[in-house]
Structures are given as C-alpha cells and as structure tokens.
Amino acid sequence: MQPDHYKIEKKWQDYWAKKGLFRTAEHPKKKFYNLVMFAYPSGDIHMGHCKNYVIGDVYARYLMRKGFDVLHPFGWDAFGLPAENQAIKLGIHPEKWTLENINTSDESLKLLGITYDWDREIITCLPDYYKWTQWMFLLLYSRGLAYKKEAYVNWCPGCQTVLANEQVIDGVCYRSNCKSVIEKRKLNQWFFKITEYADRLLEGLDRLDAWPDNVKAMQRNWIGKSHGCDIVFKVLGHDISFRVFTTRPDTIYGVTFMSVAPEHPAIDELVGGTAFELEVKQYVHDAAKRTERERVEKTKDGVATGCYAVNPVNNEKVPIFVADYVLPEYGSGVVMGVPAHDARDFQFAKKYDLPVRVVINPPDSELDAQTMEQAYEEPGVMVNSGEFSGLDTVAGAKAVADFLAQKNAGGKSVNYRLKDWLISRQRYWGAPIPIVYCEKCGMVPVPENDLPVSLPKDITDFVPKGRSPLAAVESFMNTVCPSCGGKAERDADTMDTFVCSSWYFLRYLDPRNDKEFCARERADWWLPIDQYIGGGSEHATGHLIYFRFFTKVLHDAGYITADEPAVNLFNLGMVLKNGEVMSKSKGNAIPVRQFVNKHGADVARLTILFAAPPEREMEWSDEGVTGAERFKQRMYRLVDENTAVIRDKRPSRIPAESEGLYIKINQTMAKVTSDLESFKYNTAIAALWELMNALNGASKRDEVFGYGIYVMIHLLSPFAPHMADELWSRIHGEGSLVEQPWLEADDRYAESKAKTIVIQINGRVRSHVEVVGEISEADVKKKALEDDRILRHLEGRNIKKTIYVPDKIFNIVVA
RNA sequence: GCCGGGAUGGCGGAAUUGGCAGACGCACUAGGUUCAGGACCUAGCGCCCGCAAGGGUAUAGGGGUUCAAAUCCCCUUCCCGGCACCA
Numbered sequence: 005m006q007p008d009h010y011k012i013e014k015k016w017q018d019y020w021a022k023k024g025l026f027r028t029a030e031h032p033k034k035k036f037y038n039l040v041m042f043a044y045p046s047g048d049i050h051m052g053h054c055k056n057y058v059i060g061d062v063y064a065r066y067l068m069r070k071g072f073d074v075l076h077p078f079g080w081d082a083f084g085l086p087a088e089n090q091a092i093k094l095g096i097h098p099e100k101w102t103l104e105n106i107n108t109s110d111e112s113l114k115l116l117g118i119t120y121d122w123d124r125e126i127i128t129c130l131p132d133y134y135k136w137t138q139w140m141f142l143l144l145y146s147r148g149l150a151y152k153k154e155a156y157v158n159w160c161p162g163c164q165t166v167l168a169n170e171q172v173i174d175g176v177c178y179r180s181n182c183k184s185v186i187e188k189r190k191l192n193q194w195f196f197k198i199t200e201y202a203d204r205l206l207e208g209l210d211r212l213d214a215w216p217d218n219v220k221a222m223q224r225n226w227i228g229k230s231h232g233c234d235i236v237f238k239v240l241g242h243d244i245s246f247r248v249f250t251t252r253p254d255t256i257y258g259v260t261f262m263s264v265a266p267e268h269p270a271i272d273e274l275v276g277g278t279a280f281e282l283e284v285k286q287y288v289h290d291a292a293k294r295t296e297r298e299r300v301e302k303t304k305d306g307v308a309t310g311c312y313a314v315n316p317v318n319n320e321k322v323p324i325f326v327a328d329y330v331l332p333e334y335g336s337g338v339v340m341g342v343p344a345h346d347a348r349d350f351q352f353a354k355k356y357d358l359p360v361r362v363v364i365n366p367p368d369s370e371l372d373a374q375t376m377e378q379a380y381e382e383p384g385v386m387v388n389s390g391e392f393s394g395l396d397t398v399a400g401a402k403a404v405a406d407f408l409a410q411k412n413a414g415g416k417s418v419n420y421r422l423k424d425w426l427i428s429r430q431r432y433w434g435a436p437i438p439i440v441y442c443e444k445c446g447m448v449p450v451p452e453n454d455l456p457v458s459l460p461k462d463i464t465d466f467v468p469k470g471r472s473p474l475a476a477v478e479s480f481m482n483t484v485c486p487s488c489g490g491k492a493e494r495d496a497d498t499m500d501t502f503v504c505s506s507w508y509f510l511r512y513l514d515p516r517n518d519k520e521f522c523a524r525e526r527a528d529w530w531l532p533i534d535q536y537i538g539g540g541s542e543h544a545t546g547h548l549i550y551f552r553f554f555t556k557v558l559h560d561a562g563y564i565t566a567d568e569p570a571v572n573l574f575n576l577g578m579v580l581k582n583g584e585v586m587s588k589s590k591g592n593a594i595p596v597r598q599f600v601n602k603h604g605a606d607v608a609r610l611t612i613l614f615a616a617p618p619e620r621e622m623e624w625s626d627e628g629v630t631g632a633e634r635f636k637q638r639m640y641r642l643v644d645e646n647t648a649v650i651r652d653k654r655p656s657r658i659p660a661e662s663e664g665l666y667i668k669i670n671q672t673m674a675k676v677t678s679d680l681e682s683f684k685y686n687t688a689i690a691a692l693w694e695l696m697n698a699l700n701g702a703s704k705r706d707e708v709f710g711y712g713i714y715v716m717i718h719l720l721s722p723f724a725p726h727m728a729d730e731l732w733s734r735i736h737g738e739g740s741l742v743e744q745p746w747l748e749a750d751d752r753y754a755e756s757k758a759k760t761i762v763i764q765i766n767g768r769v770r771s772h773v774e775v776v777g778e779i780s781e782a783d784v785k786k787k788a789l790e791d792d793r794i795l796r797h798l799e800g801r802n803i804k805k806t807i808y809v810p811d812k813i814f815n816i817v818v819a
C-alpha cells in the first residue's frame with residue numbers, strides 16, 4: 005500500500021539524468037537564468053539549507069514547462085576558514101576536508117531531485133576556478149582599483165587575520181564560531197577601491213525595482229552618502245591646514261574648538277618637541293590599545309595640543325584637541341567642534357569648560373548658551389553669524405558653502421560611510437594574491453599566462469601566527485621576478501572569500517573555458533540573472549554589494565554588457581528549529597539524508613513549501629510532515645482508485661452537476677500558475693489541497709472528475725516531481741512531465757457563473773442571494789426585500805439608501 | 001536615535017484597486033471503522049449567550065475617514081532585522 009519512495013524517486017531521478025532533461029541549452033532562444041546562492045560546504049546539508057534549493061527548483065521546473073531555456077546551476081564557495089580550523093584540529097588537509105564535504109553534500113542534494121545542470125558545477129577552491137579569481141584581481145589592479153596601503157585595519161585575534169569592514173558586526177568578528185572582539189592594527193594590506201563606485205552603486209539601486217526594499221535600504225544605509233561642505237582651517241604657526249567635512253556649515257560661527265583623531269598623521273608635526281608632546285603621545289598610545297567598542301562606550305575625552313586653528317569665516321582662533329571620538333576613517337579625521345549644535349561636541353565642551361556659542365535658534369524661540377542642557381541639533385535660523393545672520397539652515401548652509409568656495413577655503417562636498425574593501429587575509433585556505441615583490445622592480449603583478457598562482461599542497465602547519473601560513477613555505481614564497489628575472493618573493497596573503505563569490509555567477513555561463521573567465525557571447529546570452537534567490541538579508545551589505553561592484557567593473561572594462569548582475573532578487577527566510585536557526589553547531593539540524601530516507605524527497609519538499617511563505621522564517625515542525633505525508637497518500641489513492649476514468653483531455657461536455665467541479669479545476673489551474681510566478685508556494689499547495697478535497701467529494705466519477713485528476717497530477721509536478729511523474733506513468737503518460745508543456749486553464753470556466761451576492765444592513769451581513777448570469781440592481785433589491793431575514797431587520801426602520809457593488813454586495817443603510 | 005519589516009483562532013498561516021475575516025493544513029472534540037500502526041471516513045471547531053434557529057462580539061491598543069476597514073489616515077504599545085560617536 006505504502007508507495008516505496010526510495011525506489012520511485014530513484015527511478016525518476018535516473019530517468020531525468022539519462023534523458024539529460026536539466027542540461028542547459030547550448031544556444032538559448034528564450035533564456036532564463038535562475039540562480040540560487042551557492043553554498044559553503046560545511047559538512048552535509050540539512051533541511052535548513054534545502055529550503056533555498058527546493059524553492060529555486062520549483063521555479064525552475066515551472067519555467068522549463070513554460071518553454072524557457074533555463075540555466076539553473078549549483079556550486080560551492082569552497083575557500084574559507086572552517087576548513088583550515090578543521091585542519092588544525094583534526095590534522096586533515098583543508099582541501100581533502102572541503103572536497104569530501106562537497107561530495108557528501110552533492111549526494112544529498114541529488115536525493116532531492118533538484119533540476120541542477122550538474123555539468124556546470126563549480127568549486128571555487130580548485131585551480132581552474134581560482135585562476136580566474138586571480139585574473140579578476142589583476143584586472144582590478146590594472147584599472148587602479150586594487151591598491152596596497154598601510155592602514156589601521158580590523159584584526160580578529162581569534163581568526164588571526166584582518167577582516168573587511170563588512171565582517172565586523174558590533175565590534176565583533178562576524179563568524180558565529182568566533183565572535184572575538186576586533187582590534188585595530190596598522191598593517192600594509194590590499195584594498196579594492198569600491199568607494200570609487202559608491203555613487204553608481206547607490207544610483208543603480210533606483211533601477212532595481214524588483215529587489216526587496218529592505219535590501220536596498222540596507223545598501224543605501226551602508227553606502228551612507230551625505231551631502232555637506234568642506235571647510236579649511238589653517239593651523240597657526242604650522243604649515244598645515246585641515247580640511248574638515250561638516251553637514252552643518254550653517255553652524256560655522258559656533259566653532260569653539262577642533263578635534264583630531266588620535267591616528268591623524270599630523271599629530272607629530274603639531275606637538276613634536278613641545279610641552280604637550282608627552283601627554284598627547286600617551287593619549288594616542290592609550291587610544292590605540294582600545295577596541296573600537298571600548299572607544300564608543302567610554303565618555304568623550306581628549307587632550308590639548310597647544311595648537312590653534314583659524315576659523316576661515318571670522319578669523320577666530322580655536323584650540324585643537326586630540327580626541328578619540330573622532331573617527332580616523334571618516335571625512336578627514338578632523339572635526340570642527342560646535343558645542344551648541346552637536347551632542348558630542350556639547351559633551352566634550354562641558355567636560356573641558358569650552359565656550360558654548362549659540363548660532364542657530366529654533367524657529368520660534370531663543371536658546372541661551374548659559375542654561376542649555378543639551379545641544380540643539382534641529383534646523384533653525386542663523387544668529388551671531390555676521391552677514392549670514394537671519395538665514396535659515398538650508399539657505400545658510402548654501403551661502404556659507406558658496407562663501408568658502410569663493411575664498412578658496414572649502415565648499416560643497418559629499419562624503420560616504422562606505423570604505424574601501426580590505427581583501428587581504430593572513431590565512432592559507434584562499435586564493436593567493438598574484439603579486440610578487442622584486443628587490444629591483446618592486447611590486448610586480450603576475451602575468452596572466454603564469455596564472456594560476458597555485459596554493460602549495462605540501463603544508464602541514466596551519467596554525468595562525470599573525471601572518472599567513474604561506475609565509476613559511478619557502479618553495480611558494482621564493483620566485484623570480486616576471487619583469488627582470490631576478491630574485492623575488494610572493495605575497496603571502498590570500499584573498500577574502502567574498503572575492504571568489506563576487507563573480508561566480510559568470511563562471512556558470514562557461515565553466516570549463518580555460519582561455520577566458522567566460523566567453524563574451526555567453527555573457528551576452530545569459531546575463532543578467534533573471535532571478536536570484538538568496539538565503540536571507542545578512543548578505544545585503546556584503547556579497548550583494550560586492551557582486552554588484554564586480555559587475556560594474558567588468559562592464560566598464562568591456563567584458564560584459566550588463567552593469568547590474570541580477571534583475572530580480574528574492575530573499576528567503578531561514579528555517580528555525582525550537583526557535584533557533586537550524587544549524588549543525590546548534591545541534592538542531594535534520595540532515596537531508598536522514599529525512600529523505602524516512603519520508604522521501606517529495607514529502608520533504610511539500611513540508612517546506614507548505615509551512616510558510618518562502619520569504620518568511622519557518623519553524624520546522626513534525627506536524628507539518630504529517631500533513632505532507634497525508635497529502636501524498638491521498639493523492640496516490642485518488643489516482644490508483646480511479647485510473648479507469650482519468651482523462652487527459654478537457655471533457656467534451658460538462659454535465660450540470662459537474663459544472664461546479666469543472667470550474668474549481670480551472671480556478672485551481674489559474675491560481676497555481678499565478679502563485680508559481682510570484683513565489684506564493686504555500687497558497688499554491690493550499691489550492692491543490694482544495695482541489696483534492698473537491699475531487700474526493702465529487703458526486704459523480706465522470707469525465708470532469710477524470711480530467712480533474714489529470715490536472716492535479718500536472719499541477720503537482722513542480723512541487724513534488726517524483727510523485728507527479730510516477731502518477732503520470734500510472735495513467736499511461738509518456739516520459740516525464742518536465743517534457744510536457746504547462747497546462748493552461750479554460751478561461752470560459754475560470755470564473756463561477758453562479759454568484760452569491762451578500763446582503764448587508766448597515767454593513768453587517770444578514771443574508772445571501774444566489775444568482776445566475778446577469779442581474780440588475782433592481783432585481784437584487786427586489787430579491788433582498790423579499791428575504792425574511794432581511795425583512796426582520798428592516799422592521800420599523802426607514803431605508804435611507806442602498807449601495808450595490810455588482811455581483812458582490814448589496815448594502816441597505818437604515819436610519 | 002535613524003531606516004526597514006511585522007502583530008489575524010490552540011498552532012503554521014489565508015484574505016490588500018476597502019466588499020461574507022479565519023481559505024488550506026496541523027492540533028483538538030464527538031461518532032464510525034479498523035483495532036499492528038504517526039491508518040481511514042463523517043461531523044464540529046475564534047470568543048460570548050443559546051438545545052437550536054439566531055444574536056452579540058472579534059484582526060496588538062486607541063481615535064478617524066467610509067454605506068462598508070485586517071486592508072486607508074493619525075496616535076500608542078510590543079516584536080524582528082539593519083545602521084549608529086559618520087561630524
């Protein structure tokens with residue numbers, strides 16, 4: 005009785021593979037690039053992972069049946085720290101560990117019957133992939149977008165490597181197994197100049213209509229464009245001036261001090277050899293030891309330099325402090341202190357008894373510097389501001405900026421929160437940076453022909469020591485200069501894995517090409533990604549910005565036409581178990597293999613799809629499994645018990661008693677189709693349940709009924725493909741439903757002809773009128789006023805008016 | 001603090017150009033059937049009153065617009081996510 009899901013699912017997976025049904029078209033005519041984010045191979049996959057894959061697969065299967073040439077690939081983001089940490093812990097080589105995980109995971113994935121074109125699988129840690137990651141680096145280098153600089157960078161003491169800004173969350177390492185408090189270290193590191201693309205990344209968002217608003221908002225936030233004004237302050241007695249960024253040039257007359265970040269390079273010059281030197285140096289030293297978090301949490305303080313700056317609008321001299329609330333990386337690392345109109349400056353001024361000068365009054369009152377207890381930061385009217393007094397914030401800001409521009413002391417400017425992307429990592433398991441350092445020629449890029457720069461495999465010591473383990477591998481480090489042939493050394497660092505994932509979507513288009521990362525014509529055929537399906541918004545300010553950046557760079561360099569990688573983005577909600585994200589480390593993961601062995605892939609798929617809308621988080625529950633299991637049983641029974649009457653054609657005539665069922669069948673076709681297009685898979689399955697219930701309750705087992713079962717099998721196929729193909733074969737269908745066109749509804753019957761018009765009195769439902777065909781308002785009214793239930797409520801009351809919404813509602817308003 | 005998203009039965013969730021709130025599933029209750037089952041069938045199932053017919057009430061809370069509000073507007077509370085010493 006119980007269908008053997010193992011045998012059935014295997015049978016159909018073999019058939020699909022044998023017929024090559026999921027092989028991508030060589031020359032797509034009607035292309036659709038359907039991409040789910042690739043994955044890190046952390047072991048074996050569990051039900052939490054497979055939500056993404058199942059949802060992507062339902063869509064792919066639907067598109068195939070709609071006649072699209074679908075590209076639906078999968079691959080592995082295979083470099084990264086966990087492999088190295090396992091190597092340290094267990095003594096397994098990272099490559100071995102990673103490739104074994106990939107093998108295991110591939111097997112599990114195949115159990116789910118996903119329509120991947122496995123011939124296009126990519127693995128980023130293999131040389132034929134990372135060769136092109138290195139090529140990308142060289143492209144950026146040649147375009148001046150990759151550069152090395154000494155800077156204060158985020159150092160994770162746990163991972164013993166630097167991290168990008170995007171990888172520091174609340175001052176702590178982003179890796180859930182690490183969470184170390186990040187330190188600042190001054191190091192010479194590689195950066196990608198993503199800031200040069202800040203404006204285009206921002207402006208591009210306006211055209212990404214089909215991206216979720218929250219992701220776009222997060223990216224805008226992250227880029228953090230702010231309009232303001234630069235103001236140049238000369239330093240008295242030194243040949244230095246500070247170009248300060250402010251969003252409030254209208255408060256310029258309120259400046260009573262200046263603050264410089266402790267990391268500012270001019271500090272030596274300001275205090276060297278003075279009485280202030282010792283104290284300032286001590287302060288700078290202390291600040292350097294603090295983590296970013298400690299700096300934020302402590303009260304604002306600073307130390308005087310004994311130097312003074314000149315305010316360019318009124319030539320006033322103001323003292324210069326060193327203060328660690330000033331961020332070295334934002335603006336120029338110097339701020340003007342306006343205590344009356346900035347909360348931080350106010351705090352600072354109170355602490356050191358610096359003057360507070362009101363230069364902005366609220367629109368309808370006056371501030372008093374003596375008594376005010378907090379800064380007034382709202383817009384207002386300029387006062388005590390010389391010729392600018394009387395202007396409001398907006399006009400004043402513009403006037404001050406114009407004035408400064410004219411005086412050559414600043415002017416309108418723009419600042420970004422976004423910083424350049426730090427890509428060096430002091431770790432082994434990543435793509436080596438293709439740069440050598442020659443004693444004579446200096447820094448030299450590895451020529452394209454010499455790529456890849458291969459990771460040495462004969463290495464056993466992965467223990468981090470603050471520099472890349474590669475630095476100790478002499479055979480790797482020692483090389484010759486490509487330029488002069490002399491002695492040279494390689495860069496010991498590897499690239500952030502986010503570099504690998506910034507371009508992977510291009511490699512799928514031409515995965516075995518050893519001449520180019522991707523042939524131009526293939527890029528033109530397939531790009532942009534028509535539907536990108538992502539695993540949650542945690543990628544919003546990381547991967548999803550980086551891959552847009554890479555796309556724009558490749559576009560500018562003439563390699564691809566597209567300048568945005570993905571038209572549609574769909575963000576999925578995570579799978580929770582007992583209120584926590586399902587993961588192996590939390591111990592609440594249900595391995596795909598274990599589940600599929602017990603229940604089969606189709607039940608796994610139905611459980612996931614029906615539990616919640618795809619974009620929402622779903623709590624895994626065994627009750628959901630019960631429902632899916634039951635659905636499967638009933639479906640099999642429905643088909644097996646009625647094989648003789650099932651018909652693959654629309655009924656030749658529709659008997660009156662079956663018209664309702666026929667309408668239901670067509671409505672379900674329309675509903676499931678539209679739900680498939682908009683990722684509402686939970687309601688699509690609800691509609692299938694409804695149709696099944698209707699079929700089970702059908703009064704006559706006639707042609708309409710037989711056709712209904714046929715439709716049911718068809719509609720089920722994107723969701724539970726093995727079962728659908730099996731049932732299809734039991735009713736003598738040929739091959740797989742993947743090879744069949746999508747069924748379209750009979751429009752003549754997509755709407756019910758019998759209508760129920762709701763009769764309301766004062767907006768409350770009191771009765772219903774059944775009508776067939778057209779009916780006039782007068783007739784509805786007549787019927788309503790004949791209705792006992794209506795009459796009862798009308799007794800003794802006057803009808804004030806009536807409202808009729810055709811075919812829907814008749815509302816009687818009474819006094 | 002700023003930005004984004006939410007709040008609907010015992011539970012997951014339906015319903016959005018404003019038009020029958022609670023589709024569908026799960027759980028539960030009663031009856032049947034089978035009793036080896038996490039099997040099957042029928043009926044019921046927001047809450048309150050009622051044997052029932054029926055009536056009242058109900059979409060976080062409060063106000064408003066409307067013949068009609070889960071849906072639109074204003075205020076409040078709470079929850080989730082992001083950003084935050086960004087000058």
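Position 401, counted from 1, in the first sequence is what our numbering calls 405; the numbers after and before it change by one each time, with no gaps. Each residue gets a CB set at the ideal place from its N, CA and C atoms; glycine is no exception.
With fewer than 16 other Cβ atoms inside 10 Å of its own Cβ, I173 counts as exposed.
Fewer than three beta-carbon pairs drawn from the region 380-393 and the region 30-50 are found closer than 8 Å, and the two stretches are therefore not classed as touching.
Between Q410 and the set V236, K444 and E382, the nearest pair of CA atoms involves V236.
Taking all protein chains shown into account, K668 has 16 or more neighbouring C-beta atoms within 10 Å of its C-beta and is therefore buried.
When Cβ pairs closer than 8 Å are counted between the two stretches, the region 627-638 is seen to touch the region 603-613, the count reaching three or more. Looking at the backbone, the Cα of K238 and that of T255 are separated by about 18 Å. Sixteen is the threshold: since fewer than 16 other Cβ atoms of the shown chains lie within 10 Å of the Cβ of H289, the residue is exposed.
Spanning the alpha carbons of M447 and M140 requires a straight line of approximately 18 Å. The three-state secondary structure of R431, taken from DSSP, is coil. If you draw a 10 Å sphere on the C-beta of V457, you find 16 or more other C-beta atoms in it, and that means buried. Counting only unbroken stretches of 4 or more residues, the alpha helix (DSSP H) elements lying wholly within the region 35-84 are 51-69, in sequence order. Taking V58 as reference, the option from T260, E781, S721 and N419 with the minimal CA-CA separation is S721. The closest CA to that of C445, considering only S487, R211, G415 and L474, is found on S487. Under the DSSP assignment, I324 falls outside any alpha helix (DSSP H), being part of the beta strand (DSSP E) whose first and last residues are K321 to A327. Nearest Cα to G710 within the set R654, K684 and I807: R654.
Contact between the region 499-519 and the region 131-138 is present: 3 or more CB-CB pairs across the two stretches fall below 8 Å. Excluding residues up to 5 positions away in sequence, P659 and S662 lie with their Cβ nearer than 7 Å to the Cβ of D706 in the same chain. In this structure E154 is not in contact with N107, their Cβ atoms being roughly 43 Å apart against a cut-off of 8 Å. The Cβ neighbour count for S625, taken over all protein chains shown within 10 Å, is under 16; the residue is labelled exposed. Contact annotation: Q164 and G470 have beta-carbon atoms nearer than 8 Å. Beta bridge pairing from DSSP links D396 with V385. In the structure shown, W159 falls within a strand segment according to DSSP collapsed to helix, strand and coil. Bridge pairing for K491: V484 [DSSP]. If you draw a straight line from the Cα of H231 to the Cα of C522, it comes to about 40 Å.
Assigned with DSSP and collapsed to three states, G390 falls in helix.
Where K668 is concerned, there is no enclosing beta strand (DSSP E), although the alpha helix (DSSP H) around it starts and stops at E663 to E681. Annotation note: the region 575-651 contains the following uninterrupted alpha helix (DSSP H) runs of length 4 or greater, listed N- to C-terminal: 596-603, 605-615 and 626-644.
Annotation for W732: I717 and L741 place their beta carbon closer than 7 Å to its own, counting only its chain and skipping 5 residues before and after.
The distance from the Cβ of P343 to that of A379 is about 7 Å, consistent with a contact at the 8 Å cut-off. The way I'd put it, the region 109-120 doesn't touch the region 470-483; fewer than three beta-carbon pairs between them come closer than 8 Å. With respect to L39, I537 sits close: the two C-beta atoms are nearer than 8 Å.
Of all alpha-carbon atoms in A728, N453 and E748, the one lying nearest the alpha-carbon of G739 is that of A728.
With respect to D305, K229 sits apart: the two C-beta atoms are not nearer than 8 Å.
The Cβ atoms of A64 and T119 sit closer than 8 Å to each other. The region 432-442 makes contact with the region 488-500; the number of CB pairs closer than 8 Å reaches 3 or more. A Cβ-Cβ distance of about 7 Å is found for the pair V338 and H268, placing them in contact under the 8 Å criterion.
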